[in-house]
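Chains as they are written, first to last, in the numbering used here: chain A, 5 to 302; chain B, 5 to 302; chain C, 150 to 406; chain D, 150 to 406.
We treat Cβ as the ideally placed atom computed from N, Cα and C, and that holds for glycine.
Some notes on the structure that comes next.
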Amino acid sequence: MTGGKVMTMAEAISRLVPDGASVAMGTCLEPAIPFAAGHELIRQRRRDLTLIGPISDGLFDQLIGAGCVARIRAAWVGNVSEGLGHCYRRATERGEPRQIEVCDYSNFAVSLALWAAAWNAPYLPTRTLLGSDILKTNPDLEVVDGAVRVRPLRPDVAIVHVQRSDPEGRAHLWGPLGVTEEAGLAARRIIVCCEELVEPEVVLSDPNRILFPDTKVAAVVHEPGGTHPSPLQGHWRRDHGAYREYARRSRTAEGYREWLEEWVLGVPDRRAYLERVDRERLRVRERRLAAPVDYGDE
Amino acid sequence: MTGGKVMTMAEAISRLVPDGASVAMGTCLEPAIPFAAGHELIRQRRRDLTLIGPISDGLFDQLIGAGCVARIRAAWVGNVSEGLGHCYRRATERGEPRQIEVCDYSNFAVSLALWAAAWNAPYLPTRTLLGSDILKTNPDLEVVDGAVRVRPLRPDVAIVHVQRSDPEGRAHLWGPLGVTEEAGLAARRIIVCCEELVEPEVVLSDPNRILFPDTKVAAVVHEPGGTHPSPLQGHWRRDHGAYREYARRSRTAEGYREWLEEWVLGVPDRRAYLERVDRERLRVRERRLAAPVDYGDE
Amino acid sequence: MSERYTAQELMVAAAAREIKDGELVFVGMRLPILAYGVAHHTHAPRARALYELGLMREQAPDAFLGTMGDPPNVVGALWATRMSNVMALMAQGEVDLGFIGGAEVDRFGNLNTSYIGDPSRPRTKLPGSGGGADIAILSRRWVTLMRHEPRRLVERVSYVTSPGYGDGPDWRRRHGLPGGGPAAIVTTLGVLRFPEGGGEAYLATIHPGHSLEEVRGATGWDLTVADDLGPTPEPTDEELAWIRRLDPDGFWTRADR
Amino acid sequence: MSERYTAQELMVAAAAREIKDGELVFVGMRLPILAYGVAHHTHAPRARALYELGLMREQAPDAFLGTMGDPPNVVGALWATRMSNVMALMAQGEVDLGFIGGAEVDRFGNLNTSYIGDPSRPRTKLPGSGGGADIAILSRRWVTLMRHEPRRLVERVSYVTSPGYGDGPDWRRRHGLPGGGPAAIVTTLGVLRFPEGGGEAYLATIHPGHSLEEVRGATGWDLTVADDLGPTPEPTDEELAWIRRLDPDGFWTRADR
Numbered sequence: 005m006t007g008g009k010v011m012t013m014a015e016a017i018s019r020l021v022p023d024g025a026s027v028a029m030g031t032c033l034e035p036a037i038p039f040a041a042g043h044e045l046i047r048q049r050r051r052d053l054t055l056i057g058p059i060s061d062g063l064f065d066q067l068i069g070a071g072c073v074a075r076i077r078a079a080w081v082g083n084v085s086e087g088l089g090h091c092y093r094r095a096t097e098r099g100e101p102r103q104i105e106v107c108d109y110s111n112f113a114v115s116l117a118l119w120a121a122a123w124n125a126p127y128l129p130t131r132t133l134l135g136s137d138i139l140k141t142n143p144d145l146e147v148v149d150g151a152v153r154v155r156p157l158r159p160d161v162a163i164v165h166v167q168r169s170d171p172e173g174r175a176h177l178w179g180p181l182g183v184t185e186e187a188g189l190a191a192r193r194i195i196v197c198c199e200e201l202v203e204p205e206v207v208l209s210d211p212n213r214i215l216f217p218d219t220k221v222a223a224v225v226h227e228p229g230g231t232h233p234s235p236l237q238g239h240w241r242r243d244h245g246a247y248r249e250y251a252r253r254s255r256t257a258e259g260y261r262e263w264l265e266e267w268v269l270g271v272p273d274r275r276a277y278l279e280r281v282d283r284e285r286l287r288v289r290e291r292r293l294a295a296p297v298d299y300g301d302e
Numbered sequence: 005m006t007g008g009k010v011m012t013m014a015e016a017i018s019r020l021v022p023d024g025a026s027v028a029m030g031t032c033l034e035p036a037i038p039f040a041a042g043h044e045l046i047r048q049r050r051r052d053l054t055l056i057g058p059i060s061d062g063l064f065d066q067l068i069g070a071g072c073v074a075r076i077r078a079a080w081v082g083n084v085s086e087g088l089g090h091c092y093r094r095a096t097e098r099g100e101p102r103q104i105e106v107c108d109y110s111n112f113a114v115s116l117a118l119w120a121a122a123w124n125a126p127y128l129p130t131r132t133l134l135g136s137d138i139l140k141t142n143p144d145l146e147v148v149d150g151a152v153r154v155r156p157l158r159p160d161v162a163i164v165h166v167q168r169s170d171p172e173g174r175a176h177l178w179g180p181l182g183v184t185e186e187a188g189l190a191a192r193r194i195i196v197c198c199e200e201l202v203e204p205e206v207v208l209s210d211p212n213r214i215l216f217p218d219t220k221v222a223a224v225v226h227e228p229g230g231t232h233p234s235p236l237q238g239h240w241r242r243d244h245g246a247y248r249e250y251a252r253r254s255r256t257a258e259g260y261r262e263w264l265e266e267w268v269l270g271v272p273d274r275r276a277y278l279e280r281v282d283r284e285r286l287r288v289r290e291r292r293l294a295a296p297v298d299y300g301d302e
Numbered sequence: 150m151s152e153r154y155t156a157q158e159l160m161v162a163a164a165a166r167e168i169k170d171g172e173l174v175f176v177g178m179r180l181p182i183l184a185y186g187v188a189h190h191t192h193a194p195r196a197r198a199l200y201e202l203g204l205m206r207e208q209a210p211d212a213f214l215g216t217m218g219d220p221p222n223v224v225g226a227l228w229a230t231r232m233s234n235v236m237a238l239m240a241q242g243e244v245d246l247g248f249i250g251g252a253e254v255d256r257f258g259n260l261n262t263s264y265i266g267d268p269s270r271p272r273t274k275l276p277g278s279g280g281g282a283d284i285a286i287l288s289r290r291w292v293t294l295m296r297h298e299p300r301r302l303v304e305r306v307s308y309v310t311s312p313g314y315g316d317g318p319d320w321r322r323r324h325g326l327p328g329g330g331p332a333a334i335v336t337t338l339g340v341l342r343f344p345e346g347g348g349e350a351y352l353a354t355i356h357p358g359h360s361l362e363e364v365r366g367a368t369g370w371d372l373t374v375a376d377d378l379g380p381t382p383e384p385t386d387e388e389l390a391w392i393r394r395l396d397p398d399g400f401w402t403r404a405d406r
Numbered sequence: 150m151s152e153r154y155t156a157q158e159l160m161v162a163a164a165a166r167e168i169k170d171g172e173l174v175f176v177g178m179r180l181p182i183l184a185y186g187v188a189h190h191t192h193a194p195r196a197r198a199l200y201e202l203g204l205m206r207e208q209a210p211d212a213f214l215g216t217m218g219d220p221p222n223v224v225g226a227l228w229a230t231r232m233s234n235v236m237a238l239m240a241q242g243e244v245d246l247g248f249i250g251g252a253e254v255d256r257f258g259n260l261n262t263s264y265i266g267d268p269s270r271p272r273t274k275l276p277g278s279g280g281g282a283d284i285a286i287l288s289r290r291w292v293t294l295m296r297h298e299p300r301r302l303v304e305r306v307s308y309v310t311s312p313g314y315g316d317g318p319d320w321r322r323r324h325g326l327p328g329g330g331p332a333a334i335v336t337t338l339g340v341l342r343f344p345e346g347g348g349e350a351y352l353a354t355i356h357p358g359h360s361l362e363e364v365r366g367a368t369g370w371d372l373t374v375a376d377d378l379g380p381t382p383e384p385t386d387e388e389l390a391w392i393r394r395l396d397p398d399g400f401w402t403r404a405d406r
């Protein structure tokens, strides 16, 4: 299926994510991370990005190591099962491969900042972060009258990976949603990566499951397996081994560069990447179908 | 099916909605209005309620006419297809059957007030309502630094009607959601009225469709047809004729009292009410099933 | 007045023409639902509708709708969600055009749908804002529909539920209202418009069968009239066919409504 | 140290016992996921879990979880939703107990998971707060787990990511923090607790095979010791069986982790 907003990942990244863009990714936290999009950003040597997200399980570390990133606006950057993000450490501790600016958040504060942008509110007040030094290392947080004011975060682009979408970007996502809905609403534009590209009838049969207005969606990329090594409900389990391997190899800058060459720069696209992964081990085989829902109207 | 939090409407209202309570209802706006719960509040002669909701298509007017209400916190009270709320007019214009206090909102402001309570924020700032006299007739709105501060609205009880729930109150609602999610999260307790009472497996098969945490749900009432004359996706069309009849009869206080006797005070419960309605005319017969969703994990 | 159509049918057709193809329209209660349907099926097939209860559509159902929440309005929706999400789009300035039902309007387009008389003991209690104030403040432009009577088109509304241009062109900017303000008032006698940049309403067209004197007599202020004042175009046969298909019993458009 | 179990297994069992039956537990990354599983399958079958990515459960899956987002954690969930919704419950004071992974903690229970050294050019950049600061500020009480080393248990953390009792018992109230503060620090050598009302951590129990001298030597401040200082109870056979069933390859609990 083509038409609508369907394009390749290379086209989507090339058209919609210029140097200097702010990009929200990894909005479901551990699952459904759009690694394929991140790797294409690296291949296209995008520079000076601002990365926005609650935690990033691996992806932000890879982009930092590749020199794509100028600024991090996140609550956590590392490797959830393995610990520290080694590229993140090298960049912040030694400026390698380049200096990056870090604006600290907590997870809740990231969500509130995105909701503030979604509702076009000047800020959202909250009691979380009271007493935390995060208030000192993020100029977009301010204590006034006993509450923390979280200023809006409006990503230029939100990149999400969903189980299915139609060519116009009506996207169905299930499993934990994290901050995906508010990231999409807050963003100027959305790139929808999907495991399955389906006919409009499929997604329109269940409009409550459509994530956000297709008016925000600028590109739909059919990219099966695009979340590896992160999991995707109904499709893929998490590849803990790949996370471990990345943590091990990225401990040194040389190791990271070899990993990058092997898994990103040396492969033309996601299809070629997946040929190197022992995917069958990770594939979800059992089906667990949700109970039917009837939208009958007459 | 019994067990869990299942009880009759009479029990739920008796146990969970005391005189003076603040109650959110009609949170989906025009559809899924819990009329059966409202009528039980009238039969139990509840007094001094604060009613919270965006618009109320008929229900708030009925409760006002019955003398149950001390205060309205809403954006709109009337009859969507017919116009004015005649009991609302008599109460505000002439204090009949009693004086009520009106705190004006816009729809968006109701939602923001509920989100403020859900997040336990001191207020939410917005630019909506700037320049509106609503700011003068609601003391919970204030302009500071060019933005309107909407203070939290925390209902004692939110009463919702959903297509299906299990005995613990894991509720599936589809169709327009209005402010239902934030009303449930903001409320101290929730009464779930359901068209179908189902086994836990049914609702747990689709956890993304569960509306709010069952920890908030204090009662589950199996009340098929409980939204009449408002519609319910997949089950009932709107009974425009019943709305018209109510508008016509409630134009005078006498007419309203006769209507009330005939449709509320003179019927013991919802089952008896429904026997008086030509229901088959309103029943949705065609099925429109949503595309299946696979939560497989291994 | 013609025997071809009712005043309500003319209003619906006039309201429908306010919708440009491809626009995102925030559709209020009652007549605007029908106006969006007519626009979609005639000149604006790509206009989209947002409904405050939590729906987005790119086509109108081929069915009668008593309210935006009637089940046929959900089938085929592009998004069924929460009110705050559709309000988010409007707060971001994404809504081109909103419709608000009016009870009382003044020369600057300020709408009152709350109280006639003292709010603490009103002479008439109207239903309230609903989403009206949100539309008036946040949409790029908006249109209201109402019966043309001197008690409805007044010099100054006693209560501003949904602000128009306040007391003049600069008022919205001074008070920080993000949206553009009212574009038109479609009445039972004519269509009033506002000058570029806002200000006082003027009579742009008169519905066929009515006179300027009649309109002036039914307006509660000294009405300015467009230099090129002309007649409101009649509903086309196609528009009337769609109005009658979407409202077969004349629920909204019978002469006695 | 015993040959029956690893230090990590003892920590998981000790953390699991912090969960009381029926409580609502905000489960952080890594070891706490396993601790909740053990608690659910042993003494706290009705304890519920909230996960920041948007899940509520009342039972732990009978499966290995590398992260809270692994697919088995979604199947059987009572709620799969947005992060802001689960944070809402915590902001309302509904969360009895939260778990936070720690890198550096001080005598008042303040946690640093952000920067060792000057934040503008840190000696070590740690991953950051995640949901840690939210848990520390909003939950009724919280527990952290970490390796017991002098560089980790320090007199004063240089950066407070997740506030404990600040500089003493009254600090949280003065700064308006709604939650109750830290209840325990579970380390590789013992369990530290805090006095009622907050304040300075004291050593409550020592893990079997370790001495007070060893604990004191591995602590960066002059450690107060409970009058009734005793040994940390060993993991029971049932607890160990569940730990090994839920972590069959020792991903979290091998001795070299």
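- For the 8 Å CB-CB criterion, residue 156(A) and residue 126(B) do not form a contact.
- Assignment of beta-bridge partners to residue 198(A) by DSSP yields 166(A) and 226(A).
- Using a Cβ distance threshold of 8 Å, residue 317(C) and residue 330(C) do not count as a contacting pair.
- Against residue 40(A), chain C offers no close residue; the least beta-carbon distance is about 26 Å (beta-carbon pairs closer than 7 Å).
- In terms of beta-carbon proximity, residue 123(A) lines the interface with chain C, with at least one pair separated by less than 8 Å.
- Cβ neighbours of residue 381(D) within its own chain (closer than 8 Å, five residues either side excluded): 159, 163, 339, 340, 354, 355, 356 and 357.
- Using a CB distance below 8 Å, the part of the region 208-242 of chain B facing chain D consists of 208, 211, 212, 214, 216, 217, 218 and 219, ordered along the chain.
- One Cα belongs to residue 239(D), the other to residue 376(D), and the distance between them is close to 34 Å.
- With a threshold of 8 Å between beta carbons, residue 286(D) makes contact with chain A.
- DSSP places residue 73(B) in the strand class (E or B) of the three-state scheme.
- Distance between residue 40(B) and residue 53(B), taken at the CA atoms: about 17 Å.
- With a threshold of 8 Å between beta carbons, residue 299(A) makes contact with chain C.
- Judged by pairs of C-beta atoms under 8 Å, the region 280-296 of chain B does not touch the region 101-117 of chain B, as fewer than three such pairs exist.
- From the beta-carbon of residue 34(B), no residue of chain A is found nearer than 8 Å; the closest lies around 14 Å away.
- Secondary structure in the region 255-319 of chain C: the alpha helix (DSSP H) runs of 4 residues or longer, each lying completely within the stretch, are 281-287 in chain order.
- Separation of the CB atoms of residue 260(B) and residue 90(B) is rounded to 7 Å, and the pair is thereby assigned contact status at 8 Å.
- Proximity to residue 94(B) across 257(B), 300(B) and 262(B) peaks at 257(B), based on C-alpha coordinates.
- Where residue 334(C) is concerned, there is no enclosing alpha helix (DSSP H), although the beta strand (DSSP E) around it starts and stops at 331-336.
- If only uninterrupted alpha helix (DSSP H) runs of at least 4 residues are considered, those enclosed by the region 247-279 of chain B are 257-264 and 274-279.
- In this structure, residue 86(A) sits away from residue 246(A), with a CB-CB distance that is not shorter than 8 Å.
- Below 8 Å, too few C-beta pairs join the region 142-149 of chain B and the region 161-180 of chain B to call them touching: fewer than three.
- A distance of 8 Å or more separates the beta carbons of residue 301(D) and residue 242(D).
- Your pair residue 251(D) and residue 400(D) does not check out as a contact, with CB atoms roughly 20 Å apart and the cut at 8 Å.
- Per DSSP, the unbroken beta strand (DSSP E) holding residue 128(B) starts and ends at 128-130.
- According to DSSP, residue pairing for residue 176(A) in a beta bridge involves 168(A) and 214(A).
- Against residue 293(B), the close residues of chain A are 209, 296, 297, 298 and 299, in the order they occur along the chain (beta-carbon pairs closer than 8 Å).
- Assignment of residue 28(A) by DSSP, reduced to helix, strand and coil, places it in the strand class.
- According to the DSSP assignment, residue 187(B) belongs to the alpha helix (DSSP H) that extends over 184-190.
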